[in-house]
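Just so we're aligned: the sequence shown equals residues 1308 to 1452 in this note's numbering.
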Amino acid sequence: MLTGAWIFYETAVFKKSRVRIEVYLKNTIHGFIALVALAASCFGYWAIYENKELIGKEHFTSYHGQVGIASLAMIFVNQLLGAAAHYLKISAARKAHRMFSFLILSCFCAALSLGLWSGWADHNLHWILRYSGTTLATVPILMWL
């Protein structure tokens, strides 16, 4: 899920404002990258779910898991808003898509930070990685301000 959220969604969001090409093509590329991000996030979710099934652990018992699954659900809604804005030319959907994107990115960053303070991370990651990861998770949010 981290790959989908961090790499592809970041690219979809920030590439959109830097590329100087026709608006329709730019939005199409943005939508395609967002679909790749959705696929990567769903694959990550599946891998995490299957791993928990194999070891017999409960699902969505931590804030990290709850925020993560809420983020994934919001992505599906946001994809529909983006499609409505792009293909149906609904301006309210465009504004909602933009604001919802910020909310999703914030939730993904929160899920990342919460995951870095889980029991698994406590046993498997060096403290420097945990602190630096938590700090870096706030960068995308600060870039929006």
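A virtual CB, placed ideally from N, CA and C, is assigned to each residue, including glycine.
Check each candidate in the options and name the one with the smallest Cα separation from residue i.
i, options, result
"Gln1373", "Leu1387, Leu1436, Tyr1356", "Tyr1356"
"Tyr1438", "Ser1413, Arg1401, Trp1424", "Trp1424"
"Met1450", "Trp1434, Gly1426, Cys1416, His1433", "Cys1416"
"Leu1332", "Leu1387, Tyr1394, His1366, Lys1359", "Tyr1394"
Can you round the beta-carbon distance between residue i and residue j to whole angstroms, since I take them to be within the 8 Å contact cut?
i, j, result
"Gly1375", "Gly1338", "No, Gly1375 and Gly1338 are not in contact; Cβ-Cβ is about 23 Å, not under 8 Å."
Take the Cβ of residue i as the centre, count every other Cβ of all protein chains shown within 10 Å, and call the residue buried at 16 or more, exposed below.
i, result
"Ala1399", "exposed"
"His1430", "exposed"
"His1371", "buried"
"Ala1341", "buried"
"Leu1345", "buried"
Under 6 Å Cβ to Cβ from residue i, same chain only, skipping five residues before and after it: list those, please.
i, result
"Leu1412", "Pro1447"
"Ala1392", "Ala1400, Arg1401, His1404"
Spatial neighbours of residue i within its chain, please: C-beta separation below 7 Å, excluding the five flanking residues on both sides.
i, result
"Ala1428", "Gly1422, Arg1437"
Considering only their Cβ atoms, is the gap separating residue j from residue i smaller than 7 Å?
i, j, result
"Ala1444", "Leu1419", "yes"
Can you list, in chain order, the residues of its chain with a C-beta nearer than 8 Å to that of residue i? Leave out the 5 residues immediately preceding and following it.
i, result
"Ser1369", "Leu1421, Ser1425"
"Ala1377", "Cys1414"
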